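Following: one structure in structure tokens, then a few remarks.
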Amino acid sequence: MSELGAQLLRAGALEEAEPYLRSATSAGDRAAANNLGVLLHQRGHKDEAAGWWRVAAVAGSAAAAHSLGRHHRERGDEPAAEYWLRQSAEQGHVHGAFALADLLEHRGETGAETWLRRAAEHGHREASYRLARTLERRARDTARRARGPVLPGPRRPKASRPKGAAPVPGPRTPAAGENQGKEQGKARAEELTHQAEQWYQQAAARGHRGAALQLGALLERRGKLKEAGRWYLSSAREGETRAACALGFLLRDAGDEENAAVWWLKAAQDGDGNAANALGALHAGRGEHQTAERWYRAAMDAGDHNGAYNLALLCAAQGRTAQAEQWYRRAAYAGHREASNALAVMLLQAGDAAGAEPWFSKAAETGSVDAAFNLGILHAGRGDEDGALRWYERAAAAGHAEAALQVGMALLREGDERSAERHLRCAAGGGSAEGAYRLAALLDARRPPQGPPRLGESSVAERDESAAWYERAAEQGHRRAQVRAGMLAAERGEVEEAARWYRSAAEAGSRNGAFNLGLLLAREGGEPEAALWWRRAAEAGHGRAALRLGLFFARRGELEESQHWCDAAVAAGPAEVTERAGRLREALREELSA
589 MSELGAQLLR AGALEEAEPY LRSATSAGDR AAANNLGVLL HQRGHKDEAA
639 GWWRVAAVAG SAAAAHSLGR HHRERGDEPA AEYWLRQSAE QGHVHGAFAL
689 ADLLEHRGET GAETWLRRAA EHGHREASYR LARTLERRAR DTARRARGPV
739 LPGPRRPKAS RPKGAAPVPG PRTPAAGENQ GKEQGKARAE ELTHQAEQWY
789 QQAAARGHRG AALQLGALLE RRGKLKEAGR WYLSSAREGE TRAACALGFL
839 LRDAGDEENA AVWWLKAAQD GDGNAANALG ALHAGRGEHQ TAERWYRAAM
889 DAGDHNGAYN LALLCAAQGR TAQAEQWYRR AAYAGHREAS NALAVMLLQA
939 GDAAGAEPWF SKAAETGSVD AAFNLGILHA GRGDEDGALR WYERAAAAGH
989 AEAALQVGMA LLREGDERSA ERHLRCAAGG GSAEGAYRLA ALLDARRPPQ
1039 GPPRLGESSV AERDESAAWY ERAAEQGHRR AQVRAGMLAA ERGEVEEAAR
1089 WYRSAAEAGS RNGAFNLGLL LAREGGEPEA ALWWRRAAEA GHGRAALRLG
1139 LFFARRGELE ESQHWCDAAV AAGPAEVTER AGRLREALRE ELSA
């Protein structure tokens, strides 16, 4: 009777199944009681269904205990739900174990992971997926704890340290045990990530599209792009729009924009705002502004505030300032921090500093490093050095290279070279050419003076760290760094290298670069070419270059030309040049009047 009733129930023949199930239940068949509960639940008789599930569960039916537990949870009776779900799970019922884990996870209780693992080990794909998510979160938390907090050290106002007092000590060096703990934490995070990958793979292999998406993302972060693409594709084909979008980015990065656009289009049509933004950026890059605007608007309609921000950028690039401001405001009011910063910049450029500051503050408080730096500039412009420094320090602590430069310069002014060097290294390492130059100058000032070479010693100065930083800045086009890099190369006897740096500086408008290049060429026997560079420097107001030209033309017998450059040298200075040029000018006047 019970088996026939169960067959009819599975076939959907509820009316025919019910008499058989009731008859079997009367004979004490717990499976029939459970199935009768299922039948009644399908008909909408939930309370009567729960009664039969209770009968079956008390008799030891794990499936009935699972159903009864879910019934109580739907009614909001969590203690009863937990009791029956635990009964089911402890009897080895996979769905009961997963439902118990779901309940415990909802309440934030630690036992959830144990039951998720139990269900996952028995092939429950959603449990496998949820277990992987749990392990990945734990891996991130473990890695974050291993890295430790990255916070700016407290600084006292500059007036609080008496003149001549020792600088505040720098950051404490971690003890060996701390470093060991960090390494152990890192290893544990990697192990948890590996476990998460395995469970994602199990769930994805059973057709879980969310697991395939997360597995693809994990593999992409590891640089396994081919495998990531395969799982993104699998997920996208199952209808996961985020996977279609991610696959589009992967294809774009591989240089395949056409296929990227296909997947972005699929995702965008299914309501993915990120994909719509990507399509907008693709068309904007091709100069198809109307199409780009249409997709940015589609992103906004999908609830993606990046759409408004990107549309503002597009309008700003086209000179549509009023519309740009409108879209920046829309994104900013929705909490988009970079839109808040951009809006503030726009207001500041329009002369509305009072209107800009609240938006800079809002952006900075929500994590915009650029906004924190811009607030520093704003305070500095008002002469509020302490206020500027507070914001510069905040931006520098988050890795902003130019902010680190400003903090380093402030510390140098205070005489705290040790702390200044630390910030200048951050600035230089972050790509600031001025930071690299200032760091090089600080290190350069510590170099012992180069005396005459001893017998048997090389006169070529060894390359040191300051030279390396000068060259880093010089390669980024920093003119003063190029001049100093040329001077150090000349000290080492590397004439061609010195000439290359001097020429780069001179061609970029450096008077000192042009003057030094002239000196180098003159020493190498190329005085006529040297005079061309001295002329360029002298015309830009370089007194020593003007004096060199005066001497050059005097030796050639071109006395009037020589006198012209002596006049320029006297006017430009400095004092030593003025004196020498004046004496030469008097001699020339006597010669011309003779």
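Here the sequence shown is numbered in this note's numbering, starting from 589 and rising by one per residue. Think of the CB as a built atom: it goes at the ideal place given N, C-alpha and C, for glycine as much as any other residue. Small disclaimer: the values here were computed from a predicted structure and weren't measured.
{"Check": "Per-residue burial, E926 [other beta carbons within 10 Å of its own, 16 or more giving buried]", "Outcome": "buried"}
{"Check": "Proximity of C833 and A863 at Cβ, strictly below 8 Å", "Outcome": "yes"}
{"Check": "Reference A986; option with closest CA among A1073, F961, G843", "Outcome": "F961"}
{"Check": "Span of the alpha helix (DSSP H), counted from its first residue to its last, around A1157", "Outcome": "1147-1160"}
{"Check": "Buried/exposed call for R1124, threshold 16 Cβ in 10 Å", "Outcome": "buried"}
{"Check": "Distance cut-off 7 Å: A832 Cβ against heavy atoms of the ligand NAD", "Outcome": "Ligands in the displayed structure: none, and consequently the ligand NAD is not present."}
{"Check": "Nearest neighbour of L1147, chosen from A799, C1014, L1176, R1171 [CA to CA]", "Outcome": "L1176"}
{"Check": "Extent of the continuous alpha helix (DSSP H) to which A986 belongs", "Outcome": "Where A986 is concerned, there is no enclosing alpha helix (DSSP H), given that its DSSP letter is neither H nor E."}
{"Check": "Within 8 Å, strictly: CB atoms of P647 and L656", "Outcome": "Strictly speaking, residue 647 in this sequence is Ala, with Pro absent from that position. Contact: no."}
{"Check": "Exposed unless 16 or more other CB atoms sit within 10 angstroms - verdict on Q802", "Outcome": "buried"}
{"Check": "Range covered by the alpha helix (DSSP H) that runs through H877", "Outcome": "877-889"}
{"Check": "Simplified DSSP state of R917, which is helix, strand or coil", "Outcome": "helix"}
{"Check": "Beta carbon of G895 nearer than 8 Å to that of Y884", "Outcome": "yes"}
{"Check": "Distance between beta carbons of L1135 and R1168, contact taken as under 8 Å", "Outcome": "6 Å"}
{"Check": "Below-8 Å beta-carbon distance, Q914 vs any chain B residue", "Outcome": "In summary, chain B is missing from the structure at hand, where a single protein chain is found."}
{"Check": "Opening and closing residue of the alpha helix (DSSP H) in which K814 lies", "Outcome": "813-825"}
{"Check": "For R1230, the first and last residue of its enclosing alpha helix (DSSP H)", "Outcome": "The requested residue 1230 is not part of the displayed model; the chain covers only 589 to 1182."}
{"Check": "Sub-8 Å separation of L806 and E828 beta-carbons", "Outcome": "no"}
{"Check": "N- and C-terminal bounds of the alpha helix (DSSP H) containing T829", "Outcome": "829-841"}
{"Check": "Coarse secondary structure for H782, derived from DSSP in three states", "Outcome": "helix"}
{"Check": "Which of helix, strand or coil DSSP assigns to A856", "Outcome": "helix"}
{"Check": "Test item: CB-CB of W787 and A720 under 8 Å", "Outcome": "yes"}
{"Check": "Validate contact between the segment 996-1007 and the segment 961-970 using beta carbons, cut 8 Å, 3 pairs", "Outcome": "no"}
{"Check": "The segment 706-722 contacting the segment 768-779, beta-carbon criterion three pairs below 8 Å", "Outcome": "no"}
{"Check": "Cut-off 8 Å between Cβ atoms - residues of its own chain near F837, not counting five sequence neighbours on either side", "Outcome": "A848, A866"}
{"Check": "Test item: CB-CB of A612 and S590 under 8 Å", "Outcome": "yes"}
{"Check": "Euclidean distance between Cα positions of G861 and A919", "Outcome": "14 Å"}
{"Check": "Limits of the alpha helix (DSSP H) - the one that A1169 falls within", "Outcome": "1163-1181"}
{"Check": "Burial state of K814 (16 or more Cβ within 10 Å)", "Outcome": "exposed"}
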